[in-house]
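Colleague: Here this note's numbering is used: the sequence shown runs in plain steps of one and ends on residue 184.
Even glycine gets a Cβ: it sits at the ideal position worked out from N, Cα and C.
Since this is a predicted model, take the numbers as computed values, not measurements.
Here's a structure for you.
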Amino acid sequence: MEHKALNPRLAVYPGTFDPLTKGHLSITSRGLMIFDRVILAVAKSTPKKTLFTVEERVELAREVFREQPNVLVEPFDGLLIDYVTRRGAGAVLRGLRAVSDFEYEFQMALMNRRLARDIQTVFLMTDYKWMYLSSTIVKEVACHGGNVKGLVPDEVVSPLYARCVARAREGA
Ligand code: ADP
């Protein structure tokens with residue numbers, strides 16, 4: 013593979029973001045205290061069945077970060093480390109919540125290090141306010157009619173309820 017110099021000031025923050033939550037926002041903004049730019053990389057294919065398509069997840073995230081030129085939102089597919097190398101980023105940014113995240117994240121970080129030794133994985137501990145927040149729980153609550161305002165960016169609230177309704181109709 014052609015060797016491109018990696019930019020240590022550029023990080024890729026990968027995830028499903030189905031949908032983006034305040035926890036993701038916190039990791040992104042705190043990531044920007046370390047890195048000059050963060051690419052929020054939205055995974056196309058994921059083992060989880062998503063509520064939003066990848067195009068919708070990208071569009072929503074772009075809307076949320078529209079006034080932050082140092083956050084670039086892009087879809088990605090395939091091996092994360094190939095994407096990170098193509099983008100010339102020196103780091104992968106991930107968030108850590110409870111102990112339950114740790115094992116999976118550790119496994120991924122070690123595998124990614126084996127695949128590309130020059131790329132470092134950087135973990136930021138969650139803000140305690142978002143410790144128990146996940147896209148999964150937000151979807152569960154929203155689709156049962158609960159209030160998720162304050163847990164997700166404002167731009168996400170209406171599309172989330174609309175998608176829950178559409179899904180309930182599909183299932184009916
Ligand atoms: P994935 O499907 O890769 O876990 P997610 O979109 O669920 O993607 O999460 C992307 C990253 O953001 C992961 O590193 C995850 O640990 C982190 N993350 C998710 N929710 C929070 C939160 N509430 N606080 C901090 N980090 C979080």
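Kindly indicate which residue of Glu68, Gly43 and Lys56 has the alpha-carbon position closest to the one of Val168.
Modeller: Checking every option, the nearest Cα to that of Val168 belongs to Glu68.
Colleague: Would you mind stating whether Leu22 and Gly102 have Cβ atoms separated by less than 8 Å?
Modeller: In contact: Leu22 and Gly102 (Cβ atoms closer than 8 Å).
Colleague: In terms of residues, what are the limits of the beta strand (DSSP E) holding Val168?
Modeller: From DSSP, Val168 is part of no beta strand (DSSP E) but of the alpha helix (DSSP H) over Asp166 to Gly183.
Colleague: Between the segment 133-150 and the segment 48-59, can you find at least three pairs of beta-carbon atoms closer than 8 Å?
Modeller: Verdict: no, contact absent.
Colleague: Who are Ile51's beta bridge partners in DSSP?
Modeller: Val24 and Leu84.
Colleague: Look at the alpha carbon of Arg98 and the alpha carbon of Lys34, and state the distance between them as a whole number of angstroms.
Modeller: So the alpha carbons of these two residues sit roughly 28 Å apart.
Colleague: Grouping DSSP H, G and I as helix and E and B as strand, with all else coil, what is Arg106?
Modeller: If DSSP states are grouped into helix, strand and coil, Arg106 belongs with the strands.
Colleague: Please state the DSSP three-state secondary structure of Val134.
Modeller: Val134 falls in the strand class under three-state DSSP.
Colleague: Alpha carbon to alpha carbon, what distance is there between Leu122 and Val70?
Modeller: Distance between the alpha carbons of Val70 and Leu122: 27 Å.
Colleague: Would you report the Cα separation of Met143 and Val150, rounded to the nearest angstrom?
Modeller: C-alpha separation (whole angstroms): 13 Å.
Colleague: Given the structure, does Arg109 come close to the ligand COA, in the sense that its CB is under 7 Å from one of the ligand's heavy atoms?
Modeller: As far as ligands go, the structure on display features the ligand ADP and does not contain the ligand COA.
Colleague: Between which two residues does the alpha helix (DSSP H) holding Met123 run?
Modeller: First-last of the alpha helix (DSSP H) with Met123: Val111 to Leu127.
Colleague: Which of the three DSSP states is assigned to Ala73 in this structure?
Modeller: Reduced to three states, the DSSP call for Ala73 is helix.
Colleague: When you compare the CB positions of Val104 and Val96, do they come within less than 8 Å of one another, or not?
Modeller: Yes.
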